[in-house]
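Reading through the structure tokens given below for one structure.
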Amino acid sequence: MIMTAGLSKTFEGGVQAVQGVDIEVEAGEIVGFLGQNGAGKTTTMRMLTTLLRPTSGTATVAGHDLVAEPREVRRRIGYVAQSSPLPSGTPLRDELELQGLLHGLGRRETAARAEEVLARLELTGLDARPAAALSGGQRRRFDVAFALLHDPALLFLDEPTTGLDPQSRAQLWDHIRALRAHRGTTVFLTTHYLDEADALCDRLLVIDHGRIVAEGTPAQLKTGGRTLDDAFLDITGRALREEAGI
Ligand SMILES: Nc1ncnc2c1ncn2[C@@H]1O[C@H](COP(=O)(O)OP(=O)(O)OP(=O)(O)O)[C@@H](O)[C@H]1O
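Numbered by the UniProt record's numbering, the letters in the sequence shown go through residues 1 to 246 in order.
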């Protein structure tokens with residue numbers, strides 16, 4: 001579902017945010033992408049979702065070449081960014097309709113799809129409200145519902161549960177699991193919560209200084225009776241990236 005070779009991004013000014021990343025994700029996997037602040041996670045995700053052009057390297061996402069066929073890639077993926085894009089004042093129903101039209105769905109199909117994704121994320125009836133009238137957990141679930149409107153095969157989630165209480169986090173995990181179980185959706189997510197990575201992901205990739213430095217199932221990374229937190233600190237070190245001069 002995702003296959004990259006030597007994917008790299010150097011920003012103007014010379015920051016080498018991502019340096020030769022090789023990623024392989026199979027259809028139906030839930031893969032966690034871990035790394036410190038500034039390690040290169042969002043930059044990688046923005047490249048994989050066609051929002052940022054790679055400096056070098058190649059990638060196939062959802063069966064299409066990232067650079068040569070960005071529209072085909074976009075039709076097959078959903079992306080939930082770190083901060084919610086929902087405007088605070090517009091009824092969410094209107095936003096869903098607009099989103100459907102942007103994806104080339106007719107009004108009737110959009111309405112049917114909206115009903116389905118709202119039900120799936122336990123949000124039925126809340127779409128008459130604007131985003132400002134939702135709790136943090138409801139809002140985040142709405143972000144996911146939006147990203148699922150066009151029924152993508154691959155869902156990218158950038159820190160989906162940051163700021164949510166434990167109940168809302170667990171509820172969102174259940175929704176992500178159900179999505180894979182019922183639709184076969186592939187999920188690629190970033191998180192700083194290692195308990196989340198441990199509980200939810202089939203496989204983990206660890207990025208540091210723009211390079212993949214470890215990869216495996218949670219059990220494979222936790223060798224020697226370590227917690228995933230300990231394993232992560234052993235892999236990436238204890239220095240903050242900013243203090244390390246990055
Ligand atoms: N537009 C930009 N111009 C220049 N440098 C950038 C730009 N965007 C990101 N960077 C730099 O690229 C590096 C990787 O940033 P990125 O946002 O990918 O990290 P991250 O792993 O997602 O971090 P976080 O966990 O804080 O979200 C950082 O050093 C960051 O300062």
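Glycine included, every Cβ here is placed at the ideal spot set by N, Cα and C.
**Own chain residues within Cβ distance below 6 Å of Pro-152, not counting five before or after** = Translated into the one-based positions of the sequence shown, residue 152 becomes position 152. Hits under 6 Å: Arg-76, Ile-77 and Gly-78.
**the segment 189-203 / the segment 31-49 touching (three or more Cβ pairs under 8 Å)** = Yes: at least three Cβ pairs fall under 8 Å.
**Request:** Name, in chain order, the residues that DSSP records as bridge partners for Gly-224.
**Result:** As a first step, residue 224 must be located in the sequence shown, where it is residue number 224. Partner(s): none; Gly-224 has no beta bridge.
**Item:** Gln-19 classed as buried or exposed, judged by whether at least 16 other C-beta atoms fall within 10 angstroms
**Value:** By one-based count along the sequence shown, residue 19 stands at place 19. It counts as buried.
**Prompt:** Hey, out of Glu-26, Pro-130 and Leu-96, whose CA is closest to Glu-115's CA?
**Reply:** In the sequence shown, residue 115 corresponds to position 115, counting from 1. Nearest C-alpha to Glu-115: Leu-96.
**Request:** Go to Leu-134, then tell me how far its alpha helix (DSSP H) extends in each direction, as first and last residue.
**Result:** Numbered from 1 along the sequence shown, position 134 holds the residue referred to as residue 134. Counting along the chain, Leu-134 falls outside any alpha helix (DSSP H), and DSSP gives it neither H nor E.
**Request:** Figure out for me which residue from Leu-126, Ala-133 and Glu-196 has the closest Cα to the Cα of Pro-218.
**Result:** On the sequence shown, position 218 is the one that residue 218 refers to. The option with the nearest alpha carbon to Pro-218 is Glu-196.
**Request:** With Leu-105 as the anchor, note down where its beta strand (DSSP E) starts and where it stops.
**Result:** Numbered from its first residue, the sequence shown carries residue 105 at position 105. In the DSSP assignment, Leu-105 falls outside any beta strand (DSSP E), carrying neither H nor E.
**Message:** Cutting at 6 Å between CB atoms, please list the residues of its own chain near Pro-70, excluding the five before and the five after it.
**Reply:** Numbered from its first residue, the sequence shown carries residue 70 at position 70. Thr-50, listed in sequence order.
**Message:** If we require 3 or more residues per run, which beta strand (DSSP E) segments fall completely within the segment 156-227?
**Reply:** Counting whole runs of 3 or more residues, the segment 156-227 contains the beta strand (DSSP E) stretches 186-190, 203-208 and 211-216.
**Residue-level contact to chain D via CB, Leu-154, 8 Å cutoff** = The structure shown contains no chain D, having only a single protein chain.
**Prompt:** Do three or more CB pairs link the segment 228-235 to the segment 200-220 at distances below 8 Å?
**Reply:** yes
**Message:** Output needed for Ile-246: all residues of its chain with C-beta closer than 8 Å, excluding positions within five of it in sequence on either side, in chain order.
**Reply:** The residue labelled residue 246 in the question sits at position 246 within the sequence shown. Here the model assigns Ile-246 a pLDDT of 45, short of 50, so the residue's position is not dependable, and the following value carries that caveat. Closer than 8 Å at Cβ, skipping near neighbours: Gly-38 and His-209.
**Asked** Should the segment 135-146 be called in touch with the segment 53-69, which here means at least 3 C-beta pairs below 8 Å?
**Response** no
**Prompt:** Out of Thr-161, Leu-154 and Gln-167, which has the shortest C-alpha to C-alpha gap to Gly-184?
**Reply:** The residue you call residue 184 lines up with position 184 of the sequence shown. Ranking Thr-161, Leu-154 and Gln-167 by Cα distance to Gly-184 puts Leu-154 first.
**Request:** Can you have a look at Phe-156 and say buried or exposed, based on whether 16 or more other CB atoms are within 10 angstroms of its CB?
**Result:** Walking along the sequence shown from the start, residue 156 turns up at place 156. The residue is buried, with at least 16 neighbouring Cβ atoms inside 10 Å.
**Message:** Can you look up Glu-29 in the DSSP assignment and give me helix, strand or coil?
**Reply:** Locating residue 29 in the sequence shown gives position 29, counting from the first residue. Here Glu-29 sits in coil by DSSP.
**Prompt:** Which residues mark the beginning and the end of the alpha helix (DSSP H) in which Thr-42 is found?
**Reply:** For the purposes of this step, residue 42 is taken as residue 42 along the sequence shown, with counting starting at 1. Here the alpha helix (DSSP H) through Thr-42 covers 41-48.
**Message:** Can you look up Ala-153 in the DSSP assignment and give me helix, strand or coil?
**Reply:** In the sequence shown, the residue the question calls residue 153 occupies position 153. Of the three classes helix, strand and coil, the one that applies to Ala-153 here is coil, per DSSP.
**Request:** Please classify Asp-22: does DSSP put it in a helix, a strand, or coil?
**Result:** Taking the first residue of the sequence shown as position 1, residue 22 is located at position 22. Coil, per DSSP.
**Asked** Looking only at C-alpha atoms, which of Glu-26, Ser-88, Gln-171 and Arg-46 sits nearest to Phe-11?
**Response** Residue mapping note: residue 11 aligns to position 11 of the sequence shown, counting from 1. Residue Arg-46 is the option with its Cα nearest to Phe-11.
**Prompt:** Taking 7 Å as the line, does the beta carbon of Val-15 fall inside it for any heavy atom of ligand 1?
**Reply:** Stepping through the sequence shown from its first residue, residue 15 is reached at position 15. True, at least one ligand heavy atom lies under 7 Å from that Cβ.
**Request:** Using only the heavy atoms of ligand 1, determine whether one of them is closer than 7 Å to the beta carbon of Gly-35.
**Result:** Position 35 of the sequence shown, counted from the first residue, corresponds to residue 35. Checking every heavy atom of ligand 1 against the Cβ of Gly-35, one is found closer than 7 Å.
**Request:** Tell me Met-3's beta-bridge partners as DSSP assigns them.
**Result:** The residue given as residue 3 occupies position 3 in the sequence shown. Per DSSP, Glu-24 and Thr-60.
**Cβ neighbours of Leu-86 in the same chain (closer than 6 Å, five flanking residues each side left out)** = Mapped onto the sequence shown, residue 86 falls at position 86. So the list reads Ala-131, once near-sequence residues are dropped.
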